[in-house]
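Going by my numbering, the sequence shown opens with residue 10, and the numbers climb by one from there. What follows is one structure encoded as structure tokens, with my remarks underneath.
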Amino acid sequence: MDLCMIGVRGHCGYVFDSIDEAGDVRVVGYCGGDADCADDLSPLEEMIRPQSLEAKRFADWREMLDACKPDVLCVAGPLELNATICIEACKRGIHIFCEKPAAITLADLDALQAAHAANPVHLAMMMGLRYDPGFCTAWQAVRDGAVGTVRLINTRKSYKLGERAEFYRQRETYGGTIPWVGAHAIDWIHWLTGAPFESVFATHSRFENRGHGDLEVSALCHFTLAGEISASASIDYYRPAGAPSHGDDWFRVVGSTGVIEAGGERVTLTDAEGQRELTPSCERKIFSDFVAHVRGERTAWITSDDTFAVTRACLLARQSADEGQMIRFREQE
């Protein structure tokens, strides 16, 4: 199975976390996007080198697809090209492992969904926190009925801001903090409930963003899902520089018979029998799971339907924050 890679923004390293487990997969080509992309590809080259000495660097992604004709494409920016690249990959029948969000505008998302409907390749976003042992264990417990019927979810994503690259400073190249950081939290909500999103009211702010232009440094989203499930996503770049980790990731699921919390390598279940710790574990890794799906060996934990549902939820939440009003999903379809 031949793999090409575009870009180095975000989580392209997921590929190399389990490429050996994926079996016969080889990197045959890579590039930064188009010829104008100035991203430093040396981190990507360092990851590719131990796996493939024959991988060729290209200046343009279309030239690469023409020359290599890959089976699988890893897309990791520039973010404003994600949808355009994915649409072309769909037309060519190439399976896509894509950085989130898969599109940064609703028009691009609609175009991508139409291209995918005509050419239904496997298109999965890099929602790697599903495969974190703690979050995976909590999800499995919820799926097995440990908290009864899910009624309420709280999620938190907090990052250190540091000094961000230029593309973060413009909405046109970043897409916004809700689709970038919040995508993980919004995916948790979708994953843990399995229920359609019905409405969202969100806010976001650039206040105290330390000269980072359009970059929003705080956001809060309130979703209502089918079955009157409520869910929140708290998102920020205010994590202190002295904090022990770059990110603070956490969720809490309230059910009809129990509550489960996951974060910081701890999973805590509270129910009628008391409170106890669950041992974190996960049987899959994101990229090898993606490849197994492509080969028809099993259904991956992230499907194309998940990719579209979460991307649309992110973009409608961003729209709600921009407009200062509640958005009903059905009215936007």
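The beta carbon of each residue, even a glycine, is placed where N, CA and C say it ideally should be. Computed from a predicted model, the values in this text were never measured in an experiment.
Rounded to the nearest angstrom, how far is the Cβ of I336 from that of S208, given a contact under 8 angstroms? To locate residue 336, count along the sequence shown from 1; it is residue 327. To locate residue 208, count along the sequence shown from 1; it is residue 199. Confirmed, Cβ separation roughly 7 angstroms.
Alpha helix (DSSP H) segments (min. 4 residues) lying fully within the segment 127-169: 142-152
Cα-Cα separation, A235 to W197: In the sequence shown, the residue the question calls residue 235 occupies position 226. In the sequence shown, the residue the question calls residue 197 occupies position 188. Approximately 16 angstroms, taken between the alpha carbons.
Can you say whether T266 is buried or exposed, counting buried as having 16 or more other CB atoms within 10 angstroms of its CB? Here the question's residue 266 lines up with position 257 in the sequence shown. Exposed: under 16 other Cβ atoms inside 10 Å.
Just to confirm my understanding: we take A301, look at its own chain, exclude 5 residues before and 5 after, and list those with CB closer than 6 angstroms. What are they? Stepping through the sequence shown from its first residue, residue 301 is reached at position 292. Here the set comprises R307.
Where do the N-terminal and C-terminal ends of the beta strand (DSSP E) with W259 fall, by residue? Here residue 259 corresponds to residue number 250 of the sequence shown, with the count starting at 1. Here the beta strand (DSSP E) through W259 covers 256-264.
Going along the chain, which residues of its own chain have a beta-carbon closer than 7 angstroms to the beta-carbon of I96, five neighbours each way excluded? Counted from its first residue, the sequence shown places residue 96 at position 87. A120, L121, A124, listed in sequence order.
Tell me where the beta strand (DSSP E) around V300 begins and ends. For this step, residue 300 is matched to residue 291 along the sequence shown. Here V300 belongs to no beta strand (DSSP E); instead the alpha helix (DSSP H) covers 295-303.
Whose C-beta lies closer than 6 angstroms to the C-beta of L161 among residues of the same chain, with five residues either side of it excluded? Residue 161 sits at position 152 when you count from the first residue of the sequence shown. Excluding residues within five positions, the ones whose Cβ falls inside 6 angstroms are S239, V263.
Within its chain, find whatever has a CB closer than 8 angstroms to the CB of D280; leave out the 5 residues flanking it on each side and keep chain order. Stepping through the sequence shown from its first residue, residue 280 is reached at position 271. Closer than 8 angstroms at the Cβ level, and outside the excluded window around D280, lie A155, V156, T266, G267, V268.
Using a Cβ-Cβ cutoff of less than 7 angstroms, which residues in the same chain neighbour E89 once the five nearest sequence positions on both sides are dropped? Residue numbering aside, residue 89 sits at position 80 when the sequence shown is read from its first letter. Answer for E89: I113, E181, T182, listed in chain order.
How do the segment 202-222 and the segment 127-139 stand: do at least 3 beta-carbon pairs fall below 8 angstroms, yes or no? no
Please confirm if the segment 282-299 is in contact with the segment 15-28, defined as three or more CB-CB distances below 8 angstroms between the two stretches. yes
Using three-state DSSP, classify S348 as helix, strand or coil. With the chain covering only 10 through 342, there is no way to say anything about residue 348.
Taking the beta strand (DSSP E) that E207 belongs to, which residues open and close that run? Position 198 of the sequence shown, counted from the first residue, corresponds to residue 207. Per DSSP, E207 belongs to the beta strand (DSSP E) from 206-214.
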